[in-house]
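Asks: Sharing a structure with you now.
2 protein chains.
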Amino acid sequence: MAKMGRPREFDRDTAVEQAMHLFWERGYEATSLTELKASIAGGISAPSLYAAFGSKRGLYDESVALYLATHGQVMECLWDQTLSPREAIETALRRSARMQVERGHPRGCMVALGVMADCPPGNDNTRTPIRAARARNRAGILACVKRGIATGDFSAVVDARATATALDSFLLGMSTLARDGATLAVLDAAITQALRVLGA
Amino acid sequence: MAKMGRPREFDRDTAVEQAMHLFWERGYEATSLTELKASIAGGISAPSLYAAFGSKRGLYDESVALYLATHGQVMECLWDQTLSPREAIETALRRSARMQVERGHPRGCMVALGVMADCPPGNDNTRTPIRAARARNRAGILACVKRGIATGDFSAVVDARATATALDSFLLGMSTLARDGATLAVLDAAITQALRVLGA
DNA sequence: CAACATATGTACCGATTGGTATAGATATTA
DNA sequence: TAATATCTATACCAATCGGTACATATGTTG
Numbered sequence: 009m010a011k012m013g014r015p016r017e018f019d020r021d022t023a024v025e026q027a028m029h030l031f032w033e034r035g036y037e038a039t040s041l042t043e044l045k046a047s048i049a050g051g052i053s054a055p056s057l058y059a060a061f062g063s064k065r066g067l068y069d070e071s072v073a074l075y076l077a078t079h080g081q082v083m084e085c086l087w088d089q090t091l092s093p094r095e096a097i098e099t100a101l102r103r104s105a106r107m108q109v110e111r112g113h114p115r116g117c118m119v120a121l122g123v124m125a126d127c128p129p130g131n132d133n134t135r136t137p138i139r140a141a142r143a144r145n146r147a148g149i150l151a152c153v154k155r156g157i158a159t160g161d162f163s164a165v166v167d168a169r170a171t172a173t174a175l176d177s178f179l180l181g182m183s184t185l186a187r188d189g190a191t192l193a194v195l196d197a198a199i200t201q202a203l204r205v206l207g208a
Numbered sequence: 009m010a011k012m013g014r015p016r017e018f019d020r021d022t023a024v025e026q027a028m029h030l031f032w033e034r035g036y037e038a039t040s041l042t043e044l045k046a047s048i049a050g051g052i053s054a055p056s057l058y059a060a061f062g063s064k065r066g067l068y069d070e071s072v073a074l075y076l077a078t079h080g081q082v083m084e085c086l087w088d089q090t091l092s093p094r095e096a097i098e099t100a101l102r103r104s105a106r107m108q109v110e111r112g113h114p115r116g117c118m119v120a121l122g123v124m125a126d127c128p129p130g131n132d133n134t135r136t137p138i139r140a141a142r143a144r145n146r147a148g149i150l151a152c153v154k155r156g157i158a159t160g161d162f163s164a165v166v167d168a169r170a171t172a173t174a175l176d177s178f179l180l181g182m183s184t185l186a187r188d189g190a191t192l193a194v195l196d197a198a199i200t201q202a203l204r205v206l207g208a
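So, in structure tokens, the structure goes:
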């Protein structure tokens, strides 16, 4: 049996994608319901939005989930055991850089930029999906570094945690560079240099 | 002749410092007049705040100027020609890291975190003091790298721009790490590794 | 067909936003 | 002292915030 009732006149998935772009661009608090309503299918009404998503927070949560399931997947190669540790890290950095400056969506990484733009008001910002994603990426980098030490690939690395933190910091900073207008060529060249922390 | 009229009952400099802490912690838009009023000298009235600063934006501008004149000065060693290029960069990174996690003010760097938290609404965010400070730090790092290549200190560096960008990205990322709870020990150890992009 | 379920449009809600009008309080200057 | 300049307190403003009541439109199911 198909779903009953009057069908909604806008595509729900497209609406979440549009909302994601706005939240990604401006952050949670800075994005108003008015902007969200206006951006969806050429403008929808408040009751339509609330019937579909429950609240601004609900739409935000779905937007974050969509981001993590799509653009955020560029970091998943960190967990790919078929890649060498160096390949995994380099691929993650280059795929993230490319994603961060490609056309069709805001620049930078929503997970990194979420440091200031996440934080739904009056809430503990200590355990949001955005923060969890940063923690996961952090753990992935550290795991790769440790794996590289174990395999002997990173013979020059003396402090796994410190090296992983350096790479993590570099990764997080790329979002600010992207927002400041850095080109993919500049980011890619920087990645090449940053990888030297793993040894020649 | 001293200034006439009824003297204000709160210290103006202290008020700007308090406002700076709020803007630094939450960003421009997310910080409300109510919070600002309440935080100054145990609570002041709206007319008092407007008589002293003109507008929320005026208070923000003074807060940013105060930050750049105080905490932001940790980066000025990048322009100190009496330091070797390596010393200048390492000092800037370590001083910034220490500042970012020290007690008494929000964690992270207001200049770096300003990517999302700056941007007064309906304004071009392309030429704010915060963005200008990022550009200045960027130029300072690049100048140090170029100087190190010229002096022969960085004989292993093949691409000044790319190496400087890598260090810039690392620096910017530290603010997110600081917000995520990184300790000074972790940041300092990461700096030691990041500096390897300049060669052993 | 009737009954039901869902979405939409209009109109509205209380709370909060940044900001101000006005009057009174408190200082310096003449 | 009187005049003037500045700050403070109370009260208020229009605009916007996120969110909702209610009637109506439009679909499926029996």
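Those sequence lines, one after another, are chains X and H.
Each residue of the first sequence is one higher than the last, beginning at 9 in the numbering used here.
Each residue of the second sequence is one higher than the last, beginning at 9 in the numbering used here.
Beta carbons are placed, not taken as given, at the ideal position from N, Cα and C, and that holds for glycine.
Only a predicted model underlies this, so the values are computations on that prediction, with no experimental measurement involved.
1) Three-state secondary structure (DSSP) at Arg14 (chain X)?
2) How is the alpha helix (DSSP H) around Thr173 (chain X) delimited, first residue to last?
3) Run down chain H in chain order and give the residues with a C-beta less than 7 angstroms from the C-beta of Gly35 (chain X).
4) Tell me which residue opens and which closes the alpha helix (DSSP H) that Gly122 (chain H) is part of.
5) Under 8 angstroms between beta-carbons, which chain X residues line up against Arg204 (chain H)? List them in chain order, please.
6) Does Met28 (chain H) get closer than 8 angstroms to chain X when you measure Cβ to Cβ?
7) Heavy atom of the ligand MG less than 7 angstroms from the Cβ of Thr22 (chain H), yes or no?
8) Compute the Euclidean distance between the alpha carbons of Lys64 (chain X) and Asp132 (chain X), then round it to the nearest angstrom.
9) With 9 angstroms as the limit, tell me which residues of the stretch 147–179 of chain X have their beta carbon closer than that to any beta carbon of chain H; keep them in chain order.
10) Can you tell me which of H:Asp188, H:Thr173, H:Leu195 puts its alpha carbon nearest to the alpha carbon of Leu206 (chain H)?
11) Name the residue from X:Lys45, X:Glu33, X:Arg204 whose alpha carbon lies nearest to the alpha carbon of Ala164 (chain X).
12) CB Ser183 (chain X) to CB Gly112 (chain X), shorter than 8 angstroms?
13) Considering only their Cβ atoms, is the gap separating Val153 (chain X) from Pro93 (chain X) smaller than 8 angstroms?
14) Enumerate in chain order the residues of its own chain whose CB-to-CB distance from Leu157 (chain H) is below 7 angstroms, with the five nearest sequence positions on each side excluded.
15) Below 8 angstroms on the Cβ atoms is my contact criterion, and I expect Leu41 (chain H) with Ala54 (chain H) to pass it. Report the Cβ-Cβ distance as a whole number of Å.
16) Once DSSP output is grouped into helix, strand and coil, what is the label at His113 (chain X)?
17) Return the chain-ordered list of same chain residues with a C-beta closer than 7 angstroms to the C-beta of Thr136 (chain H), the five sequence neighbours on each side being excluded.
18) Where do the N-terminal and C-terminal ends of the alpha helix (DSSP H) with Thr200 (chain X) fall, by residue?
19) Taking Cβ-Cβ distances shorter than 7 angstroms, what residues in chain X pair up with Gly80 (chain H)?
20) Taking Cβ-Cβ distances shorter than 7 angstroms, what residues in chain H pair up with Leu121 (chain X)?
21) Should Gly181 (chain X) and Ser177 (chain H) be called a contact, given that it needs their Cβ atoms to be closer than 8 angstroms?
22) Go through its chain and collect everything with a Cβ distance to Ile138 (chain H)'s Cβ below 7 angstroms, but skip five positions before and after it.
23) Using Cβ-Cβ distances below 8 angstroms, what residues of the stretch 83–108 of chain X are close to chain H?
Replies: In short:
1) coil
2) From DSSP, the alpha helix (DSSP H) with Thr173 (chain X) extends over 168–187.
3) Met124
4) Here the alpha helix (DSSP H) through Gly122 (chain H) covers 118–125.
5) Arg204, Val205
6) At a cut-off of 8 angstroms, the C-beta of Met28 (chain H) has no neighbouring C-beta in chain X.
7) Absent from the structure shown: the ligand MG. Ligands present: none.
8) 17 angstroms
9) For the stretch 147–179 of chain X, the set of residues with a beta-carbon nearer than 9 angstroms to any beta-carbon of chain H comprises Ala164, Val165, Val166, Asp167, Arg169, Ala170, Thr171, Ala172, Thr173, Ala174, Leu175, Asp176, Ser177, Phe178, Leu179, in chain order.
10) H:Thr173
11) Nearest in C-alpha terms to Ala164 (chain X), of all of X:Lys45, X:Glu33, X:Arg204, is X:Arg204.
12) no
13) Yes, these two residues count as a Cβ contact at 8 angstroms.
14) Reading off the sequence, residue 157 (chain H) comes out as Ile, not Leu. If we look at Ile157 (chain H) and ignore the five residues flanking it on each side, its Cβ neighbours are Val165, Ala168.
15) 7 angstroms
16) Coil, per DSSP.
17) Its chain contains Asp126 as the residues whose beta carbon lies nearer than 7 angstroms to that of Thr136 (chain H), once the 5 sequence neighbours on both sides are disregarded; these appear in chain order.
18) 192–202
19) Near Gly80 (chain H) there are no residues of chain X at all, since even the closest Cβ is about 16 angstroms away, more than 7 angstroms.
20) Val123, Met124
21) yes
22) Val72, Val119, Gly122, Asp126
23) When C-beta distances to chain H are compared with 8 angstroms, every residue of the stretch 83–108 of chain X stays at or above that value.
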